[in-house]
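Each residue of the sequence shown is one higher than the last, beginning at 502 in this note's numbering.
Glycine included, each C-beta is placed from N, C-alpha and C at the ideal position.
Every value quoted in this text rests on a predicted model; they were computed, and no experiment measured them.
Heads up, the thing below is written out as structure tokens.
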Amino acid sequence: MNAAEQKLLLAVLAQPTAPFRENQVKDFAFSYLAQRGIPYFEDPIGNIVIGCPGANAYRALLNGRSREPVRVFIAHMDHPGYHGTRWLGPRRLLAQWHGGSPVKLLRGSSVWLADAQGEFGTGQISRATLGTHGHSMATLEITLPSDGLSQRQRPPASTLYGGFMFRKALWTQGRRIYTRAADDLAGVFCVLATADYWHKHKTLGKAPFIGLLTRGEEVGFVGAIGHFELGWLPAAKRPVCAISLEASRTLPGALIGKGPVVRLGDRRTVFHNNYLQVLTGIAQKYLPGGFQKRIMDGGTCEGTATTAYGIPTIAMSVPLGNYHNEGFEGGPDSRGFRGPAPECIHMDDAAGELLLCKKLLAPGLPWDAPWSAVRTQLRKRLTAYRRFL
Ligand SMILES: [Zn+2]
């Protein structure tokens, strides 16, 4: 990861976002792509498709006559957060929570507030209810500071949104990054940086790249489902390989700082074994001893949605501390176990994931026969032991 990529990582991770309120991340992506002349367009759902200037070019790419799979890198732009519902008083806002959340020590926690124009302040949770399942918040009451908004300044409640706030939107400690939302802005970073790499290296030949930045993942991949329902990707005539990029809850064997995770599956399903073999081969070659490999079953990801739509899927994750701002691992600014806490990832894990994304764009990878090298090894074993048979 070069200095410009590191700067991009920190800038993306500092953006405010919530399910269906991804506009700040989108504006950031639009200006990043436009400045570099990287083609993109918005689909009718409001997802961003990178690598093609419009739907016709996208469909032409997907229906081209080539055996080289189109690599579709997918990350989501949202993170669990709230939408304002109504004002309960001059300084009290009722809000609905969307997605996972901490479940303890909520009262007195800080939240940030934004409207369509962007972030403008913070408030405190004065009351919170959990959903009947008990896994996350359902509603919350937010008290604004007394020097907050005057009656006249008060925007309509439904235009407001936000999420948990800590000492800052983002800070670093050594190689660790603490942020409100690494899930999945770390994935968004990887897609943008890979797009830039692809755009600068036309000599990659015909490496077919698509970046898909989606909306509303935290409530069940809603943006991705909307995109697949357009029918373009599932109906592709040439091979497609979806690559889901996530920040996923750290687990034994998927530790922060030990490298990106070749994600064999999520909580719902395993992924495409042939294409995973291609990815594993790349990881072994370029990050020997510096990557991890396991089923990340701490949650589901958009790889479940692509798989359900019949798209061969592989996935990678950056190990994530304090998943969904829930203080599982604790650390700075954590309010306590299962209380609000900043998410945490490691710079080197993000760098490793980006490297693997770039290497996946190489032409001529063994997509059609990924096991042939392994088979050759297995045959040698048979030869060596044949005399005992
Ligand atoms: Zn998530």
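Looking only at C-alpha atoms, which of I539, S610, E844 sits nearest to I757? E844
If contacts are defined as beta-carbon pairs under 8 Å, then P517 and W613 qualify, I think. What distance do you get, rounded to the angstrom? 6 Å
Please report the residue range of the beta strand (DSSP E) in which V571 lies. 571–577
Kindly confirm or deny that the stretch 705–724 and the stretch 773–785 touch, where touching means at least three C-beta pairs closer than 8 Å. no
Let me check understanding here. Comparing Cα to Cα, which of L714, A670, S610 lies closest to A682? A670
Counting Cβ pairs closer than 8 Å, one from the stretch 616–632 and one from the stretch 682–693, do we hit at least three? no
Comparing C-alpha positions only, which one of R876, P761, N774 sits nearest to G791? P761
Beta carbon of T751, beta carbon of G822: below 8 Å? yes
Does the stretch 765–776 come close enough to the stretch 593–604 to have 3 or more Cβ pairs within less than 8 Å? no
Does K605 come out as helix, strand or coil in the three-state DSSP assignment? coil
If you measure from each residue's Cβ to the nearest non-hydrogen atom of ligand 1, which ones come out under 7 Å, in chain order? H580, P581, G600, G601, D684, D685, E718, E719, G800, H825
Please classify T877: is it buried, with 16 or more other beta-carbons within 10 angstroms of its beta-carbon, or exposed? exposed
Based on the DSSP output, what are the partners of V741 in its beta bridges? V571
Would you decide whether E730 is buried or exposed? Buried here means 16 or more other CB atoms lie within 10 Å of its CB. exposed
Relative to the C-alpha of P789, which candidate in M797, L780, A617 has its C-alpha closest? L780
Tell me the DSSP bridge mates of G663? Y583, L614
Measure the C-alpha to C-alpha separation of S818 and G754 and round it to an integer number of angstroms. 12 Å
Hey, is the stretch 690–706 in contact with the stretch 851–869, meaning 3+ C-beta pairs nearer than 8 Å? yes
Those residues which DSSP pairs with Q778 across a bridge: Note: Q778 sits in no beta bridge, so no partner.
Sorted by chain position, which residues of the same chain lie with C-beta nearer than 6 Å to P623's C-beta, five sequence neighbours on each side aside? According to the sequence provided, residue 623 is Thr. The question's Pro does not apply to it. So the qualifying residues of the chain are S611, W613, M666.
My assumption, with CB atoms under 8 Å, is that H728 sits in contact with D544. Please give the rounded CB distance. 6 Å
Report back the beta-carbon spacing between C742 and A576 to the nearest angstrom; my notes put them in contact at under 8 Å. C742 to A576, Cβ: 15 Å. No contact.
For V526 and D834, what's the separation of their Cα atoms in angstroms? 24 Å
Should I549 and A530 be called a contact, given that it needs their Cβ atoms to be closer than 8 Å? yes
Following the continuous beta strand (DSSP E) through I726, name the residue where it begins and the one where it ends. No beta strand (DSSP E) contains I726, which is instead part of the alpha helix (DSSP H) from 723–730.
Identified DSSP bridge partners for P820: S749
Continuous beta strand (DSSP E) stretch holding M638: start and end: 638–644
Can you give me the C-alpha to C-alpha distance between L855 and P813, rounded to a whole angstrom? 21 Å
Taking the Cβ atom as the reference point for each residue, do P709 and E803 lie within a distance shorter than 8 Å? no
Can you list, in chain order, the residues of its chain with a C-beta nearer than 6 Å to that of R764? Leave out the 5 residues immediately preceding and following it. M797, A816, M817, S818
Just the C-alpha distance for G582 and R882, rounded to the nearest angstrom, thanks. 55 Å
DSSP three-state assignment for F710, whether helix, strand or coil: strand
Starting from the Cα of D579, find the closest Cα among T805, A885, A725 and give me that residue. A725
Helix, strand or coil for G766 per DSSP? strand
Nearest to G601 (by Cα), restricted to the options H847, T680, H825: H825
Applying the 10 Å Cβ sphere with the 16-neighbour rule, what's the burial state of R587? exposed
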